[in-house]
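Here the protein sequences come in this chain order: E and S. Quick note on our numbering: the first sequence kicks off at 1 and runs consecutively. Quick note on our numbering: the second sequence kicks off at 282 and runs consecutively. Yeah, the Cβ is synthetic: ideal placement off N, Cα and C, and Gly gets one too. So the structure is just underneath, and the comments pick up after that.
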Amino acid sequence: MPSSADVLSESDTQAPSPTTLEEELAELRAVRARYDETMAQLERNERQLVSYAQDLKKAFDLMKQRAEALAAAHYDTLVRLLRAARFKDEETGAHLLRLSAYSRVLATHLGLPREEVERITAAAPLHDVGKIGIPDAILAKRGPLDADEWKVMRTHPGLGGSLLKGADSPLLQTAYVIALHHHERWDGTGYPKGLAGEDISLAGRIVMLADQYDALRSERPYKPPFSHERTFDIITRGDGRTLPSHFDPDLLAAFVERHEELDALFEANRDAPATQNDSDA
Amino acid sequence: MKTILLADDEPNLRLLVKTTLSDPRFRILEASDGKSALELAKAELPDVIVLDWMMPGLSGIEVAAALREDPLTRGISIIMLTAKGQQADREQTERLGVAAHLVKPFSPLELLEKVDALVG
Numbered sequence: 001m002p003s004s005a006d007v008l009s010e011s012d013t014q015a016p017s018p019t020t021l022e023e024e025l026a027e028l029r030a031v032r033a034r035y036d037e038t039m040a041q042l043e044r045n046e047r048q049l050v051s052y053a054q055d056l057k058k059a060f061d062l063m064k065q066r067a068e069a070l071a072a073a074h075y076d077t078l079v080r081l082l083r084a085a086r087f088k089d090e091e092t093g094a095h096l097l098r099l100s101a102y103s104r105v106l107a108t109h110l111g112l113p114r115e116e117v118e119r120i121t122a123a124a125p126l127h128d129v130g131k132i133g134i135p136d137a138i139l140a141k142r143g144p145l146d147a148d149e150w151k152v153m154r155t156h157p158g159l160g161g162s163l164l165k166g167a168d169s170p171l172l173q174t175a176y177v178i179a180l181h182h183h184e185r186w187d188g189t190g191y192p193k194g195l196a197g198e199d200i201s202l203a204g205r206i207v208m209l210a211d212q213y214d215a216l217r218s219e220r221p222y223k224p225p226f227s228h229e230r231t232f233d234i235i236t237r238g239d240g241r242t243l244p245s246h247f248d249p250d251l252l253a254a255f256v257e258r259h260e261e262l263d264a265l266f267e268a269n270r271d272a273p274a275t276q277n278d279s280d281a
Numbered sequence: 282m283k284t285i286l287l288a289d290d291e292p293n294l295r296l297l298v299k300t301t302l303s304d305p306r307f308r309i310l311e312a313s314d315g316k317s318a319l320e321l322a323k324a325e326l327p328d329v330i331v332l333d334w335m336m337p338g339l340s341g342i343e344v345a346a347a348l349r350e351d352p353l354t355r356g357i358s359i360i361m362l363t364a365k366g367q368q369a370d371r372e373q374t375e376r377l378g379v380a381a382h383l384v385k386p387f388s389p390l391e392l393l394e395k396v397d398a399l400v401g
């Protein structure tokens, strides 16, 4: 009978020998060690990733903060420019506040996007910044202006425009068109250019109506303050001086819907008594 | 205080997203599967849910559909955070009116911006 040793060749020997077992064990241990090291590496990567995530959040928050601070500083500068203009003018802080508020009501009613509403509201107070270029004698005159003085006065929209022209920020670009257009009229009888209809920027048309309302409600050297009812009448039906054709029909319709709010805003933000000057700023 | 719910079956991913969004103004809740995500959403009414699609049991898309069905949870903003990024997948989530569909590996900046736009 042949022995197993004769039938099987050496290379076929599968019977585990002590040497092969040790080798396999060693290999298993090596694999296990590599596995452990890989898991440890994964864990280190994970911790590093968490650290990245924390820093990313910090950077994002900082970026947001800086953007907000920049916008606030920008607006602060505008307001101070505005106050420089007011040193030379009778317009009160309360008037500018009311003007912003009226503009917001009208712009919102027209369904403008929130960002645009906010921009027009913020830019409205700058409408008369051009008055800084008008001589004091004319600005401070108590009585009515003569023809030559009016001619000078009517340059203030253009002056305001040249001050604000070519700005980078959307806010100042809106202030630019408001300054230029706030005395233009829908029917083309306004100044300085006699623009008509949609050639006048919407922001300009809005502020023009808001300004008219406030002027009629307020006391001026040349007129007493008018009641809300009388003002409503003058704007919607005209009085010979002010005509409905001066206004954008859509804006007039908005005014008719929201006029009570404008009245409430006027009452809530009346000018301080005449004894108080610009220390109210 | 705004509430954000994170639903994903991968704990490492939940940790990463939670760390990325971590903010004293946010309360961040976690769920590791669709069923508990839906229960937690109905109980807590978070402002935003960051929702994985492929989860065991109830999938993210089913959770989203259920949230939309229920008038109570209909107002929750859904940010889909998923490996599924094919056009057909995007259309499916769009039909459910999700606020965003972010594909893994996602941009953490994009996630931050979306969340900020919703509850910032």
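* Over the uninterrupted beta strand (DSSP E) stretch that includes residue 335 of chain S, give me the two end residues. => Segment: none, residue 335 of chain S is in no beta strand (DSSP E) and carries neither H nor E.
* **Members of the segment 35-56 of chain E that neighbour chain S once the beta carbon cut-off is set at 7 Å** => 46, 49, 50, 53, 54, 56
* **Bridge-paired residues (DSSP) for residue 223 of chain E** => E:220
* Mind checking whether residue 362 of chain S and residue 331 of chain S have CB atoms under 7 Å apart? -> yes
* In its own chain, which residues sit with a C-beta less than 7 Å from the C-beta of residue 394 of chain S, not counting the 5 before and 5 after it? -> none
* Asked: For residue 338 of chain S, which residues of its own chain have a beta-carbon under 7 Å away from its beta-carbon, when the five flanking residues on both sides are left out?
  -> 314, 315, 316
* To do: Locate the beta strand (DSSP E) running through residue 311 of chain S, then write down its first and last residues.
  => Note, residue 311 of chain S: beta strand (DSSP E), 307-312.
* Thinking C-beta only, is residue 131 of chain E closer than 7 Å to residue 156 of chain E? -> yes
* **residue 183 of chain E, DSSP secondary structure in three states** => coil
* Quick one: give me the first and last residue of the beta strand (DSSP E) that residue 361 of chain S is part of. => 358-363
* To do: Using the Cα positions of residue 158 of chain E and residue 180 of chain E, report the straight-line distance between them to the nearest angstrom.
  => Roughly 6 Å separates the two Cα atoms.
* If you draw a straight line from the C-alpha of residue 58 of chain E to the C-alpha of residue 389 of chain S, how long is it? -> 12 Å
* To do: Assuming residue 287 of chain S contacts residue 309 of chain S (C-beta within less than 8 Å), just tell me the rounded distance between them.
  => Contact between residue 287 of chain S and residue 309 of chain S holds: CB atoms are separated by about 6 Å, below the 8 Å threshold.
* Chain-order list of residues whose beta-carbon lies under 8 Å from that of residue 261 of chain E (same chain, five-residue window excluded) -> 105
* Classification of residue 392 of chain S by the beta-carbon crowding that lies within 10 angstroms, buried from 16 upward -> Classification for residue 392 of chain S: buried.
* Asked: At what residues does the alpha helix (DSSP H) containing residue 301 of chain S begin and finish?
  -> 292-302 is the span of the alpha helix (DSSP H), which, as asked, contains residue 301 of chain S.
* **Opening and closing residue of the alpha helix (DSSP H) in which residue 400 of chain S lies** => 389-400
* CB contact below 7 Å: residue 392 of chain S versus chain E -> no
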